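For the sequence shown, position 134 matches number 1102 in the working numbering, and the numbering has no gaps at all. Virtual Cβ for every residue (Gly too), placed ideally from N, Cα, C. None of these values were measured; they are calculated from a predicted model. I have placed the structure first, in the form of structure tokens, so that the comments after it can refer back to it.
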Amino acid sequence: MEIKLKHFKKHCDSRGQLVAIEDENDLGFPIKRVYYIYGASNEVRRGFHAHKELQQYLICMSGECKILLDDGHEKEVVLLNDPSVGLYIGPSMWREMFDFTPGAVLVVLASMHYSEMDYIRDYNEFIKYCTEANEGSQ
Ligand code: TYD
């Protein structure tokens, strides 16, 4: 599986670091929604869903957390611990977020407004969706 990590340009000087993100220019899609997860305890595991259309960049702004990615064939775990790095997650990718350190803040830049219709929350349904998409493309 190809893990798409984007290293945003850092403007560093003696005062610290600054990162600027412009939607189409840096992400390739318009940002329609921003949400963030904080105060998640270390035992917490979140996500457990895929999306049909949504594109997202996940950035761990503070602390660290891990993201399990599952494309229906392979699974990979990505550690996010750098506020200048964004993890791209496109459609048809099951994700779980876990191992949040105390004070971790996970920010998500999303290409669409919230729509429950775009979610696949059942893992068996996700596998079926991937198989059908694969058959359709052959
Ligand atoms: P949920 O989908 O369970 O979060 P996770 O990504 O960790 O699985 O979302 C938690 C609650 O927040 C749920 O009631 C739906 C709501 N929510 C919104 O209203 N807007 C959003 O953009 C998101 C991501 C969630």
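Exercise. When you compare only the Cα positions, how much space is there between Asp1050 and Met1029?
Worked result: 7 Å
For this session: Helix, strand or coil for Ile1057, going by three-state DSSP, please let me know.
Result: Ile1057: strand per DSSP, three-state reduction.
Exercise. How would you call Arg1063, buried or exposed, if buried means at least 16 neighbouring beta carbons within 10 angstroms?
Worked result: Buried, since its Cβ has 16 or more Cβ neighbours within 10 Å.
Exercise. In three-state terms, what does DSSP make of Ile989?
Worked result: DSSP, read as helix, strand or coil, puts Ile989 in coil.
For this session: Quick one: using the 10 Å Cβ neighbour count with 16 as the cut-off for buried, is Ser1079 buried or exposed?
Result: buried
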